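These protein sequence lines map, in sequence, to chains E and F.
Mapping of the first sequence onto numbering that gives the first Met the number 0: position 2 corresponds to residue 1, and the numbering continues sequentially without gaps.
Mapping of the second sequence onto numbering that gives the first Met the number 0: position 95 corresponds to residue 94, and the numbering continues sequentially without gaps.
Note that beta-carbon positions come from the ideal geometry of N, C-alpha and C, so glycine has one too.
Keep in mind it's a predicted model, so treat the numbers as computed, not measured.
2 protein chains.
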Amino acid sequence: MSLAELKSVCGSCGIRELCLPAGLSDEEVDLLDQHMSHRISVRKGDYLYRMGDPFRSLFAVSSGFFKTVLVHEDGRGQVTGFQMMGELLGLEAIHSTHQVCDTVALEDSAVCAISFDQFEQLGQLMRNLQHRFNKDMSREIAREHHLMLLLGSMRSEERLATFLLDLVMRHERRHQSGETFMLRMTREDIGSYLGIKLETVSRLLSRFHDEGILEVRGRHLRILNRAALAQRTEASES
Amino acid sequence: MSLAELKSVCGSCGIRELCLPAGLSDEEVDLLDQHMSHRISVRKGDYLYRMGDPFRSLFAVSSGFFKTVLVHEDGRGQVTGFQMMGELLGLEAIHSTHQVCDTVALEDSAVCAISFDQFEQLGQLMRNLQHRFNKDMSREIAREHHLMLLLGSMRSEERLATFLLDLVMRHERRHQSGETFMLRMTREDIGSYLGIKLETVSRLLSRFHDEGILEVRGRHLRILNRAALAQRTEASES
DNA sequence: TACCCATATTGAGGTAGATCAATATGGGTA
DNA sequence: TACCCATATTGATCTACCTCAATATGGGTA
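Pasting the structure below:
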């Protein structure tokens, strides 16, 4: 990769408006590029980082799809999130010197690495950037509060419906079809994320299929009745 | 409250080292005081803020005890956290213009209000402060990942044991007894936080009591065997 | 193309925790 | 002090989801 390419990673990036530079001026984006970002590609199945690795950088997903997994001492793992392009990886480790979870590419992917030291310096120079980052962290906290509601109060059907609608919306924000898309993760990953077993995920998908809400063929998904799915998001009286 | 008092809220605060000013120089703490903080007291049962209120300030718990509750459209609520002195409230709303959850005082409490606008300006002036704040946000994200593990993968007994040990540690970090303390919240609050029903919480407490791990008398708690409690934190083979 | 192995589906039966219900307790207040 | 109502305990039953098991499917590779 040439120096010129290196310098324009963010400036010429197709997802610039989804990513950290959103709202920054061209000059500011240049500064970001010059100081911090370089691309790394990660093969499907590979770890971007693992618990215990030294923490130095944040990563912005440039393309592809990741999951983050928290592993308990006794070996149990919990999928804590799925990240797609424009989203940041590594926020959970800023408070530490080492990574606190694993992140794995679920398809061939690319990320932009951002030295966190340099990022903090740059945040001092650009109030814009710091503000944007504060909001990103806050949004992540709020997202997790919703996850806690899901895990703590919802029945399995509501959990899956909520999860699917979230995927739909995130695809659409990226100008990808929210109607037809592919699940990048296994039933087991979905189950872990939602706090249910893979068999339950499979049964629920079959049920939604039989009810004409979705068309499921392996990991290919077509949403046939989004309103019905939204209804399944809420507790039904009875 | 006199101006002099106002100006020394943080500087003379007993929990300064637990709170936002930790690691700041005296001069920096003065700056923090002069620009931003003033105390507010909140009666037991009162809301510090409610979902939909305009978001303007962060709050640092000065004394007392709070819970944060996320309410779903259909009326279900989820307790997303309990906050004690030195901890920040309002982080989840930074990304928005309005509050995104309710926070309620579980005993007579006091908080320091911090205008977030001014806080961001000050963060530009003091790299220390911004760095500390970045870490606080990150720690909150990591805390929630652990909650997701708890809610997604643990059995009810493990959840309660984990919760109790967390309370023990937080009391000790505040130089309060971790052996004997009082639960500030109802069984229902605990159940909501842990994703189980209040009857289950009650039964588990009775079980721990019968097994000699705790002494429970209403909300008075004495930890008799912390090691045994720690064991209950992990899945048992069988 | 054919094979293989990870992944997914579907069924049958078991169980942790929910639900419903009937007391008990104790902190707040008059 | 006595009363009251929110909170907590405990028991009996129910059920959503788990577990175990058998089979199907399909993407990757030789």
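Identification of chain E residues near Gln123 (chain F) by a Cβ-Cβ cut-off of 8 Å yields Gln123, Arg126, Gln129, ordered along the chain.
Judged by beta-carbon spacing, Ala234 (chain E) lies within the 7 Å limit of Asp73 (chain F), meaning their Cβ atoms are closer than that value. For the pair of segments examined, the stretch 129-146 of chain E was found not to touch the stretch 108-117 of chain E: the number of CB pairs separated by less than 8 Å stays below three. Contact check for Thr161 (chain F) against Thr232 (chain F) passes: the beta carbons are separated by less than 7 Å. Put simply, of F:Gly211, F:Gly76, F:Ser137, F:Leu220 the residue whose alpha carbon is nearest the alpha carbon of Ala227 (chain F) is F:Gly211.
Under the three-state reduction of DSSP output, Val103 (chain E) falls in the strand class.
Runs of the beta strand (DSSP E) lying entirely within the stretch 133-167 of chain E, each at least 3 residues long, are absent.
Note: Arg221 (chain F) is bridge-paired with F:Thr179, F:Glu214 in the DSSP secondary-structure output. With respect to chain F, the C-beta atom of Gly89 (chain E) has no partner C-beta closer than 7 Å. Thr232 (chain E): not part of any alpha helix (DSSP H); DSSP gives it neither H nor E. Residue environment analysis places Ser176 (chain F) among the exposed positions, since fewer than 16 neighbouring C-beta atoms fall within 10 angstroms of its C-beta.
A direct Cα-to-Cα measurement between Leu204 (chain E) and Lys196 (chain E) gives close to 13 Å. Judged by DSSP in its simplified three-state form, Ile189 (chain E) adopts helix. According to the DSSP secondary-structure assignment, Phe64 (chain E) is paired through a beta bridge with E:Met83. By the neighbour-count criterion, in which 16 or more other beta carbons inside 10 Å mark a residue as buried, Asp25 (chain E) falls on the exposed side.
The stretch 42-60 of chain F and the stretch 93-111 of chain F touch, with three or more beta-carbon pairs separated by less than 8 Å.
For Val78 (chain E), the secondary structure class from DSSP, reduced to helix, strand or coil, is strand. Contact check for Glu27 (chain E) and Met125 (chain E): beta-carbon distance about 5 Å, within the 8 Å limit, so the pair qualifies. Taking C-alpha positions only, Met84 (chain F) is separated from Arg158 (chain F) by approximately 23 Å. Excluding residues up to 5 positions away in sequence, Ile222 lie with their Cβ nearer than 6 Å to the Cβ of Glu178 (chain E) in the same chain.
Around Arg42 (chain F), the same chain offers Ala104, Asp107 as residues with beta carbons nearer than 7 Å, after the five sequence neighbours per side are excluded.
When secondary structure is reduced to three states using DSSP, Arg49 (chain F) falls in the coil class, being assigned neither helix nor strand.
Close CB contacts of Gly76 (chain F) within its chain, under the 6 Å cut and outside five residues either way in sequence, are with Val68, Val70 (chain order).
If you draw a straight line from the Cα of Thr185 (chain E) to the Cα of Asp165 (chain E), it is about 17 Å long. Counting the other Cβ atoms within 10 Å of the Cβ of Ser61 (chain E) gives 16 or more, which makes it buried. According to DSSP, residue pairing for Leu204 (chain E) in a beta bridge does not occur. Contact of Met136 (chain F) with chain E is assigned, a C-beta pair being separated by under 7 Å. At least one CB of chain F lies nearer than 7 Å to the CB of Ser152 (chain E). In this structure, His208 (chain E) sits away from Met181 (chain E), with a CB-CB distance that is not shorter than 7 Å. For His37 (chain E), the uninterrupted beta strand (DSSP E) run begins and ends at 36-41, by DSSP. Against chain E, a Cβ distance below 7 Å from Gln77 (chain F) picks out Met147, Leu148, Gly151, Ser152. A residue is called buried when at least 16 other Cβ atoms come within 10 angstroms of its Cβ; Gly151 (chain E) meets this threshold and is buried. By the neighbour-count definition (other C-beta atoms within 10 Å, threshold 16), Thr96 (chain F) is an exposed residue.
About 7 Å separates the beta carbon of Arg225 (chain F) from that of Val167 (chain F), a gap short enough to meet the 8 Å contact definition.
Counting along the chain, Val110 (chain E) sits inside the beta strand (DSSP E) bounded by residues 108-114. Contact of Leu69 (chain F) with chain E by beta-carbon distance below 8 Å involves His144, His145, Met147, Leu148.
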